[in-house]
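This note's numbering applies: residue 2 is where the sequence shown begins, and numbers increase by one. Glycine included, each C-beta is placed from N, C-alpha and C at the ideal position. One structure below.
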Amino acid sequence: MSVLETMKLRRRHTRRASLFERDLVFAALKQSVVMLNPVTMFRNPVMFVTEAGAFLSTLSLFHDLARGTGNTGYTLAVVIVLWLTVLFANFAEALAEARGKAQAESLRMTRQSTQARRLVNGKEQRVSSDDLRQGDEVIVSAGELIPSDGEIIQGVATVDESAITGESAPVVREAGGDRSGVTGGTRVLTDTIVVRISVSPGESFLDRMIGLVEGAVRQKTPNEIALTVTLAGFTLAFLMVTVSLWPIGRYFDADLPVPTLVALLVCLIPTTIGALLAAIGIAGMDRALSANILAKSGKAVELAGDIDTLLLDKTGTITIGNREATTYHPLPGVDRDRLVEAAMWASFGDATPEGRSIVTLGEKTLGDRAPVEVPSATMIPFSAQTRLSGINLPDGKQYRKGAADAICDLAKGNGHAIPGQIKATVDDVARGGSTPIVVAEDSQILGVVSLSDVLKPGIQDRFKRLRAMGLRVVMVTGDNPLTAAAIAREAGVDDYIAEAKPEDKLAYIRKEQRQGRLVAMMGDGTNDAPALAQADIGVAMNAGTQAAKEAGNMVDLDSDPTKLIEVIEIGKQLLMTRGALTTFSIANDLAKYFAIVPAMFMLALPQLSALNIMGLPSPQNAILSALIFNAIIIPILIPIAIKGVRYRPSGADALLRRNLLIYGLGGVIAPFAGIKLIGVLLGAVGVL
Numbered sequence: 002m003s004v005l006e007t008m009k010l011r012r013r014h015t016r017r018a019s020l021f022e023r024d025l026v027f028a029a030l031k032q033s034v035v036m037l038n039p040v041t042m043f044r045n046p047v048m049f050v051t052e053a054g055a056f057l058s059t060l061s062l063f064h065d066l067a068r069g070t071g072n073t074g075y076t077l078a079v080v081i082v083l084w085l086t087v088l089f090a091n092f093a094e095a096l097a098e099a100r101g102k103a104q105a106e107s108l109r110m111t112r113q114s115t116q117a118r119r120l121v122n123g124k125e126q127r128v129s130s131d132d133l134r135q136g137d138e139v140i141v142s143a144g145e146l147i148p149s150d151g152e153i154i155q156g157v158a159t160v161d162e163s164a165i166t167g168e169s170a171p172v173v174r175e176a177g178g179d180r181s182g183v184t185g186g187t188r189v190l191t192d193t194i195v196v197r198i199s200v201s202p203g204e205s206f207l208d209r210m211i212g213l214v215e216g217a218v219r220q221k222t223p224n225e226i227a228l229t230v231t232l233a234g235f236t237l238a239f240l241m242v243t244v245s246l247w248p249i250g251r252y253f254d255a256d257l258p259v260p261t262l263v264a265l266l267v268c269l270i271p272t273t274i275g276a277l278l279a280a281i282g283i284a285g286m287d288r289a290l291s292a293n294i295l296a297k298s299g300k301a302v303e304l305a306g307d308i309d310t311l312l313l314d315k316t317g318t319i320t321i322g323n324r325e326a327t328t329y330h331p332l333p334g335v336d337r338d339r340l341v342e343a344a345m346w347a348s349f350g351d352a353t354p355e356g357r358s359i360v361t362l363g364e365k366t367l368g369d370r371a372p373v374e375v376p377s378a379t380m381i382p383f384s385a386q387t388r389l390s391g392i393n394l395p396d397g398k399q400y401r402k403g404a405a406d407a408i409c410d411l412a413k414g415n416g417h418a419i420p421g422q423i424k425a426t427v428d429d430v431a432r433g434g435s436t437p438i439v440v441a442e443d444s445q446i447l448g449v450v451s452l453s454d455v456l457k458p459g460i461q462d463r464f465k466r467l468r469a470m471g472l473r474v475v476m477v478t479g480d481n482p483l484t485a486a487a488i489a490r491e492a493g494v495d496d497y498i499a500e501a502k503p504e505d506k507l508a509y510i511r512k513e514q515r516q517g518r519l520v521a522m523m524g525d526g527t528n529d530a531p532a533l534a535q536a537d538i539g540v541a542m543n544a545g546t547q548a549a550k551e552a553g554n555m556v557d558l559d560s561d562p563t564k565l566i567e568v569i570e571i572g573k574q575l576l577m578t579r580g581a582l583t584t585f586s587i588a589n590d591l592a593k594y595f596a597i598v599p600a601m602f603m604l605a606l607p608q609l610s611a612l613n614i615m616g617l618p619s620p621q622n623a624i625l626s627a628l629i630f631n632a633i634i635i636p637i638l639i640p641i642a643i644k645g646v647r648y649r650p651s652g653a654d655a656l657l658r659r660n661l662l663i664y665g666l667g668g669v670i671a672p673f674a675g676i677k678l679i680g681v682l683l684g685a686v687g688v689l
């Protein structure tokens, strides 16, 4: 079996693996013990205090055994449950990390050293891919692996990217466009290309992602840091309260041994969310990786959940893809065949898909009478600045096509009158949702060619989902305002940027940010780089240029323009999961309070027995029941922490009500029922 096939199988297996797959569980169990190192535990203040309490309780147990005093059976049970609580918390984080490492396995395998054919002064030189440096040029032919990340500078080829994306269909990569980016470890299937290496060894996007997933220390996001500080504050407050209970107990002649005080502290501090917090953050990045999204930081994934405005390119995202020439609109007095011929001549120098479609339609229309390219002609390539393309023939003839204002300016500049019918024709085409392309011969306007767009199936429903999340969707297009407005109405977007140039995208993003909104956009071209860098979430397509990938804080390996919607849903699910489990953790502390505090003092203060609403038979039974529940709820919630709370697109108010009902009310009810059940079972087996 080839390495490529092995990687495909690994990716397929990793995506379908169950949450508690045996290999992952064994790896997580080993790591859970390693993580007992106090230096490691100190990163999580809540669980560090729990571990310290377990250690003190263990010392108390040894003291009682040595002196033959105290209830050693009860103390032993408390010690075991405390250490299990710490191990369960470590297991949650270790399992999330193990899943991330398993998902990164196929990416790591693509870093294998391969032979590369480096071009030096026009001659091939065989070197290892590890010896390639940024700026080197390599030649890659059919059947060979691309040795490192780079951009195609010469040629066009089909590439098998399944080792990276998991998709079996090959893709076309070509020089000179926005789909020139290639990734190391993918295989060229046809033709030969020249690739300029864009990174040095160990600096590719795959290397960065693997380092992020498998790094020894995971960088916490700002929200996670803030929550950690808050939980540490709660822990400190309850620690002070618990310490003060010992002299209070002595005053009322109530015996409060160290294990009992530790049990109270561990049950009252937010151990549930403290145990699961790291796992939630790691799992969020794992879900992004499962969706073939390389996030440069956990902050980017989390920030996606707070996005307010979404910028989407029209072509390939809202519409099916490249526009195609469909109809000719000659001006009065202009022969239709003359317009078709002029449009073809003007498009020979246009390498864009739209330009090629005009040539294709012309060949179908004129048949054998269609013109053919003249090698000695001077091509005028299309550019975003001029917004026109054309050709200068050896006999002096000049043909141009492009945006209406660009061609009209050209005609006026050369002393030709602007036909009165041209504006009405352009407006009619634009109002129909098509893009008008004006054609001129020797600066004389002949007519218009319609380029038609087709909306992607189901795109309106997707926009409804985004609107339900509270997002504004903005369409970015190079079309004129009339065409842009027609497509925007049909697609159902909230706003649009017509005749967009790179500086227009950048200006729009800055305007939204000045109004306090967070903006996300996706791009693939070098001209998208400034906007990707400015946006709060910039998703670059893996097939795009290196400049775009460097500017964004995420890279979509699938190069799917609609992936930005999935990114936002992953971010919102991460935030919702953390909020839901935090709510549950704080809510279930209330029930544990009613279980433990009355039990600790009701012998010395019989009046407190009225608060023993669970009817637990003894202080030891109540304390141990609450402590056991506190421990076992952590592994029960691990699937939710790692898979995430099920996300349904809806407004913030609806999400808040749902979470309070399920995780707030549930967090109060579940511990009452759970602690009572454990107490009954302990009594039934004669433990307490």
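Query                                                                                                            : Result
N- and C-terminal bounds of the alpha helix (DSSP H) containing residue 273                                      : 272-291
Simplified DSSP state of residue 648, which is helix, strand or coil                                             : coil
The segment 119-127 / the segment 50-70 touching (three or more Cβ pairs under 8 angstroms)                      : no
Proximity of residue 182 and residue 543 at Cβ, strictly below 8 angstroms                                       : yes
Start-to-end residues for the beta strand (DSSP E) that takes in residue 521                                     : 520-524
Backbone CA spacing between residue 682 and residue 458 [nearest angstrom]                                       : 57 angstroms
Span separating the alpha-carbon of residue 74 from that of residue 240                                          : 25 angstroms
Residue 134 burial status per 10 Å Cβ neighbour count (16 or more: buried)                                       : exposed
Cβ pair residue 672, residue 541 closer than 8 angstroms                                                         : no
Close Cβ partners of residue 155 (< 7 angstroms) along its chain, the five nearest in sequence each way excluded : 176, 194, 195
Inside the segment 400-432 only - alpha helix (DSSP H) runs reaching at least 4 residues                         : 405-414, 421-432
Beta-ladder partner(s) of residue 295, from DSSP                                                                 : 556
Secondary structure of residue 151, DSSP reduced to three states                                                 : strand
Residue 577 - DSSP class collapsed to helix/strand/coil                                                          : helix
Spatial distance of residue 626 from residue 657 (CA atoms)                                                      : 31 angstroms
Counterpart residues of residue 546 in DSSP-defined beta bridges                                                 : In DSSP, residue 546 forms no bridge with anything.
Contact the segment 567-587 vs the segment 478-491: 3+ CB pairs below 8 angstroms                                : no
contact_flag[the segment 526-542, the segment 140-151] where n(CB pairs < 8 angstroms) is 3 or more              : no
Buried or exposed (CB count within 10 angstroms, at least 16 for buried), residue 315                            : buried
Same chain, Cβ closer than 8 angstroms to residue 475, five either side skipped, listed in chain order           : 310, 311, 312, 313, 494, 495, 496, 497, 498, 509
Start-to-end residues for the beta strand (DSSP E) that takes in residue 161                                     : 157-161
Option nearest residue 491 by Cα separation, candidates 507, 616, 462                                            : 462
Proximal residues to residue 159 (C-beta, below 6 angstroms), its chain only, five neighbours per side dropped   : 171, 173, 190, 191
Three-state secondary structure (DSSP) of residue 670                                                            : helix
DSSP state of residue 656 mapped onto helix, strand, coil                                                        : helix
Rounded C-alpha distance that separates residue 357 from residue 555                                             : 32 angstroms
Inter-residue CB distance, residue 449 and residue 427 (contact presumed, cutoff 8 angstroms)                    : 6 angstroms
Residue nearest to residue 48 in terms of C-alpha spacing, selected from 436, 267, 531                           : 267
Integer Cβ distance of residue 642 from residue 289, believed to fall under 8 angstroms                          : Going by Cβ atoms, the distance from residue 642 to residue 289 rounds to 16 angstroms, so no, they are not a contact pair.
Alpha carbon of residue 637 to alpha carbon of residue 519, nearest angstrom                                     : 35 angstroms
Helix, strand or coil at residue 258 according to DSSP, with G and I counted as helix                            : coil
Secondary structure of residue 448, DSSP reduced to three states                                                 : strand
Through-space distance from residue 423 to residue 337, alpha-carbon basis                                       : 15 angstroms
Coarse secondary structure for residue 300, derived from DSSP in three states                                    : helix
Residues that DSSP places opposite residue 328 in a beta bridge                                                  : 451
DSSP three-state assignment for residue 528, whether helix, strand or coil                                       : helix
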